[in-house]
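Student: Mind looking over this structure? Questions follow.
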Amino acid sequence: HSVLIVDLAADGNYETTTKMANMWSATDKFFSDTTDNLPNRTSFDSLVPSAKVGYDGNFLETRLHRKNGTMLPVEIGDKSNSALRDAFEVMADVGKNVVRIAIAASSVENGGFDD
1466 HSVLIVDLAA DGNYETTTKM ANMWSATDKF FSDTTDNLPN RTSFDSLVPS AKVGYDGNFL
1526 ETRLHRKNGT MLPVEIGDKS NSALRDAFEV MADVGKNVVR IAIAASSVEN GGFDD
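Be aware that the sequence shown starts at 1466, since it is given in my numbering, and climbs by one per residue.
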């Protein structure tokens, strides 16, 4: 196993850290407001039955609908929807950078830039 530490505010800009903090607040609010009425985990797409959304007793699985920007399950609500979408975008950017670093490191390790 490896650990990767990502400093979201290395440049002194705390916008991304605020987005992640808002995601945790929205998640906490969702679970405290809906403790008796959590959406069950179900398939949401008949074409991809393995794609699920909802709560299975341990984990809340969400999906971002990329065409209209909403989060599933719909019980999340508008304010939480925005916070989760923003956090998703932050983590997607982190993921893109991690892939770039891994590819560059692999290329250097294998002499990809040697003439």
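Beta carbons: idealized from backbone N, C-alpha and C, even for Gly.
Is Lys1484 closer than 8 Å to Ala1552 when the C-beta atoms are compared?
Tutor: Yes, the Cβ-Cβ distance between Ala1552 and Lys1484 is below 8 Å.
Student: Using 8 Å as the threshold, is the C-beta distance between Glu1526 and Gly1519 below it?
Tutor: Against a cut-off of 8 Å, the Cβ pair of Gly1519 and Glu1526 comes out as a contact.
Student: Going by DSSP, which residues form a beta bridge with Lys1484?
Tutor: Lys1484 is not bridged to any residue.
Student: How is the alpha helix (DSSP H) around Gly1560 delimited, first residue to last?
Tutor: Start and end: 1543–1574.
Student: Under 6 Å Cβ to Cβ from Leu1473, same chain only, skipping five residues before and after it: list those, please.
Tutor: Hits under 6 Å: Thr1481, Thr1482.
Student: By how many angstroms is the C-alpha of Asp1476 removed from the C-alpha of Leu1512?
Tutor: Taking the straight line from one Cα to the other gives about 43 Å.
Student: Could you compute how far the alpha carbon of Thr1499 sits from the alpha carbon of Asp1493?
Tutor: In a straight line, the C-alpha of Thr1499 is about 10 Å away from that of Asp1493.
Student: Identify whether Val1518 lies in helix, strand or coil by the three-state DSSP scheme.
Tutor: Val1518: strand per DSSP, three-state reduction.
Student: With 16 as the cutoff for other CB atoms within 10 Å, does Arg1531 come out buried or exposed?
Tutor: Exposed.
Student: Considering only their Cβ atoms, is the gap separating Leu1529 from Arg1550 smaller than 8 Å?
Tutor: The answer is yes: Cβ separation under 8 Å.
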